[in-house]
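Visitor:
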Amino acid sequence: MTGVQAEQQDPSPVSELPEPSDQYVQSLVRGLTVIRAFDADHPAMTLSEIAAQTSLTRATARRFLLTLVEVGYMQTDGRLFTLTPRVLELGFSYLSALTLPQVAQPYLEQLSRETGESSSASVLDGGDIVYVARVAVRRIMSVTISVGTRFEAYTTSMGRVLLAGLAPDDLLAHLDLVTFSQKTPRSIDTRPALLAELDRVREQGFALVDQELEIGLRSMAVPVFDASARVVAAINVSVSAGTRTPEEMRATLLAPLRHAATEISASLAAARR
Numbered sequence: 148m149t150g151v152q153a154e155q156q157d158p159s160p161v162s163e164l165p166e167p168s169d170q171y172v173q174s175l176v177r178g179l180t181v182i183r184a185f186d187a188d189h190p191a192m193t194l195s196e197i198a199a200q201t202s203l204t205r206a207t208a209r210r211f212l213l214t215l216v217e218v219g220y221m222q223t224d225g226r227l228f229t230l231t232p233r234v235l236e237l238g239f240s241y242l243s244a245l246t247l248p249q250v251a252q253p254y255l256e257q258l259s260r261e262t263g264e265s266s267s268a269s270v271l272d273g274g275d276i277v278y279v280a281r282v283a284v285r286r287i288m289s290v291t292i293s294v295g296t297r298f299e300a301y302t303t304s305m306g307r308v309l310l311a312g313l314a315p316d317d318l319l320a321h322l323d324l325v326t327f328s329q330k331t332p333r334s335i336d337t338r339p340a341l342l343a344e345l346d347r348v349r350e351q352g353f354a355l356v357d358q359e360l361e362i363g364l365r366s367m368a369v370p371v372f373d374a375s376a377r378v379v380a381a382i383n384v385s386v387s388a389g390t391r392t393p394e395e396m397r398a399t400l401l402a403p404l405r406h407a408a409t410e411i412s413a414s415l416a417a418a419r420r
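In terms of the numbering used here, the sequence shown opens at residue 148 and continues consecutively.
1) Look at A343 and A354 and say whether their C-beta atoms are less than 8 Å apart.
2) Using the rule of at least 16 other Cβ atoms within 10 Å of the residue's Cβ for burial, across every protein chain shown, is A311 buried or exposed?
3) If you run the structure through DSSP and keep just helix, strand and coil, what is F228?
4) Quick check on I276: buried or exposed, where buried means 16 or more other Cβ atoms within 10 Å of its Cβ?
5) Give me the Cβ distance between I197 and L212, rounded to the nearest whole Å; I'm assuming they're in contact under 8 Å.
6) Less than 8 Å separating the beta-carbons of V384 and E217?
7) If you run the structure through DSSP and keep just helix, strand and coil, what is V284?
8) Is the CB-CB distance between I382 and L360 below 8 Å?
9) Assuming S266 contacts Y278 under a Cβ cut-off of 8 Å, what Cβ separation, rounded to an integer in Å, is found between them?
10) For R349, which residues in the same chain have their Cβ closer than 6 Å to its Cβ, ignoring the five residues on either side in sequence?
11) Using DSSP with H/G/I as helix, E/B as strand and the rest coil, what is E344?
12) State the beta-bridge partners of M221 as determined by DSSP.
13) Can you tell me whether R307 is buried or exposed, with buried defined as 16 or more other CB within 10 angstroms of its CB?
14) Any idea what DSSP makes of I140, helix, strand or coil?
15) Taking 8 Å as the cut-off, does the region 322 to 334 touch the region 296 to 303 (at least 3 CB pairs, one atom from each stretch)?
16) Is the Cβ-Cβ distance between V356 and L309 less than 8 Å?
17) So which of G274, T390 and A388 has the shortest CA-CA distance to H321?
18) My output table needs one value for I382: the three-state DSSP class, helix, strand or coil.
19) Give the straight-line distance between the Cα atoms of D224 and D317, rounded to the nearest whole angstrom.
Right, here's the structure in full:
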């Protein structure tokens, strides 16, 4: 019996496969099923284990495994089969096409679910921050914030994180663009005061703005880094001043905020690799 004949006569279904259409290529789906059978709990398997894991016959599983070995996605010592690093190429095309908003959005959604607060991501554009992703749990500002909304960077938590991440010469050039004004009685409205605050932000790794942009609004932000440890974006959580004190924000929101930023930074680094 030829390999093609065996393939056609093999009655064993692959677990959890979709209903086939007229464009369905069963061999491709089965090959991908073999790759997906390997995980942290099954880093190396025998032919029999893989056949059981994928609901394929031993003969069918063996053909797929040996094909994957030949093209470099799998290796074997004659008994155990393991994936090779080349399988990472299968995800790189997808990752490399992702933009910052696409990368950040699911992590912001998780952050908002975990904290119950609105979250956003922004980048620096001239003297402003520009919102590139946002999850709004409730409206807590007098203005509606959406993707594309701009604020003067020095007035916001995300802006201060981004300014603190600039090289000294770039920061000074940026500050030359700033026209200070007092948004609320709490606002920083002088260059020396802002520089002192940016030193604090740089040292502690986050910025907390307490009702400086708008009375009743508190916001905390952390940086997002690229693969070379350069600050490329910032993410924040915003709360109503009546619900959390600054101390409560640091105690309950800083850790999940930093975790989300770490995950976004890692995903961006993988996408650019």
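Just so it is clear, CB atoms sit at the ideal spot from N, CA and C, and this is done for glycine as well.
Guide: Here's the rundown:
1) In terms of Cβ geometry, A343 and A354 do not form a close pair [threshold 8 Å].
2) Buried, because 16 or more other Cβ atoms sit within 10 Å of the Cβ of A311.
3) Looking at F228 - three-state DSSP - the assignment turns out to be strand.
4) Answer is buried; the Cβ neighbour count reaches 16.
5) With a Cβ gap of about 7 Å, I197 and L212 count as contacting.
6) No, the Cβ-Cβ distance between V384 and E217 is not below 8 Å.
7) In the structure shown, V284 sits in coil (DSSP, three-state: anything other than H, G, I, E or B).
8) Taking 8 Å as the Cβ cut-off, I382 and L360 do not qualify as a contacting pair.
9) Contact flag wrong, Cβ pair sits at about 11 Å.
10) Hits under 6 Å: A311.
11) Looking at E344 - three-state DSSP - the assignment turns out to be helix.
12) Note: M221 sits in a beta bridge opposite L230.
13) Counting every other CB atom within 10 Å of its CB across the protein chains shown gives R307 a total of 16 or more, marking it as buried.
14) Shown here, the chain extends from 148 to 420; a query on residue 140 therefore has no answer.
15) Enough Cβ pairs lie closer than 8 Å, so yes.
16) Contact: no.
17) That would be G274, whose Cα lies nearest to the Cα of H321.
18) I382: strand per DSSP, three-state reduction.
19) Computed Cα separation, rounded: 55 Å.
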